[in-house]
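In what follows, a structure is listed as structure tokens, so that the remarks can point back to it.
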Amino acid sequence: MTGMLSAPLLAASPVTPTVDFDQPGVQHGALRLPYSRDDSAWGSVMIPVCVIRNGEGPVALLTGGNHGDEYEGPLALFDLANSLKPDQVNGTVIIIPAMNYPAFQAATRTSPIDKGNMNRAFPGRPDGTVTQKIADYFQRHLLPRADLVFDFHSGGRTLDFLPFCAAHLLDDKTLEARAMATVEAFGAPYSMRMLEIDSVGMYDTAAEEMGKVFVTTELGGGGTARAATVRIARQGILNVLKHAGILEGEPQPTETQWLDMPSDECFCFSQDEGLFETMVDLGEPVEKDEVVARVHPIIRTGNAPYEIRAGYSGILSARHFPGLIKAGDCAAVVAVKVD
Ligand code: ZN
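Numbering (the numbering used here), first residue to last: 56 to 394.
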């Protein structure tokens, strides 16, 4: 009989890897995505990838550059790809230092080709934009291989963060516990039980819905990287691979302060535009209803600044970075210390 409903079959991915994910040893190559354009009729986007495999152990998928203007991840991962040897590895490490490669090349958060935000593009489409095609390849070809998914972020050009490693609260408490243990192993100065304001289309959500251990970071920001935050990234990813049993040895023991984001009230948004003044620096204590930032009108003198107040008592864990702010921008995030 006819008329049975079935999901439409997805087309094959247009991405061709130049590496073989099942081959032992070290391979440096690219995910090649055809991209026909003015300066190259039969051109491609070539996303760097490194695979280090030794035996049947766990598979870690490590990414940076999900947003193109965040640098601790790419710095740690290009370095890891150059230094890790197969005989150190039990299992497979797949390293993609710059996931949204066109955005990374342009030093912008989103892709200059299609304005695609990689972290809102999942599950992607094989017949979509360049960003959607990359997301689809991760969704259908890379995530299913992985036991552990680690995605580096920082604040980019418009935010600055306390250095923290983070995982989400999940309905699956076993998976949540495994993710939180990986966060603890990373050993950043702060560890966050993270709340998202906009989780639809995130890589995080795609991985978690597949039952993968998903861990992320926010390590700084402002569109650059600091020596201290890069050191945290480099040591942290080695700690995570040791915790997963992929590298030998124990994670380097570190003190971490756990933080929680209990509700949307953690996020302080500006309702005005103007000159941004943070009243508190990252890591400083904040009382509920304290003024954490002010927005000064810049059209003329004689108007009082607009005040932005904290929704919780805690510490300032993120702030707007540029000197000017617009209505709707996130001005500050106040997270609560967990003892
Ligand atoms: Zn990011």
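C-beta: ideal position from N, C-alpha, C; glycine also.
All values derive from a computational prediction rather than experimental measurement.
Alpha carbon to alpha carbon, how far is residue i from residue j?
i: Val391; j: Lys170; result: 34 Å
i: Lys346; j: Thr165; result: The question names Lys, but residue 346 in the sequence shown is Val. If you take the alpha carbons of Val346 and Thr165, they lie about 32 Å apart.
i: Lys140; j: Val148; result: 10 Å
i: Ala221; j: Arg248; result: 6 Å
i: Ile102; j: Ile151; result: 8 Å
i: Ser99; j: Asp319; result: 41 Å
i: Ile189; j: Leu117; result: 15 Å
i: Gly80; j: Ser138; result: 13 Å
i: Pro181; j: Asp191; result: 6 Å
i: Leu230; j: Asp94; result: 46 Å
i: Gln160; j: Met257; result: 21 Å
i: Asp77; j: Gly183; result: 28 Å
How would you label residue i, buried or exposed, when you count the other beta carbons within 10 angstroms and need 16 or more for buried?
i: Glu303; result: exposed
i: Glu125; result: buried
i: Gln194; result: buried
i: Arg286; result: exposed
i: Asp206; result: buried
i: Pro317; result: exposed
i: Met235; result: buried
i: Gly378; result: exposed
i: Gln187; result: buried
i: Val393; result: exposed
DSSP state of residue i, grouped into three classes?
i: Phe177; result: coil
i: Arg164; result: coil
i: Asp75; result: coil
i: Ser95; result: strand
i: Pro129; result: helix
i: Met286; result: With the sequence shown as reference, residue 286 is identified as Arg, and Met is not the correct amino acid for it. Looking at Arg286 - three-state DSSP - the assignment turns out to be helix.
i: Thr356; result: coil
i: Met247; result: strand
i: Asn109; result: strand
i: Val295; result: helix
i: Ala401; result: The requested residue 401 does not occur in the structure, where the chain is confined to residues 56 to 394.
i: Met101; result: strand
Can you confirm whether residue i, when its beta carbon is compared against all beta carbons of chain B, has any partner nearer than 8 Å?
i: His196; result: As a matter of chain content, chain B is missing from the structure shown, which is built from one protein chain.
For ligand 1, residues whose Cβ lies under 7 Å from any non-hydrogen atom: Selection output, chain order preserved: Asn121, His122, Glu125, Asn174, His208, Ser209 and Gly211.
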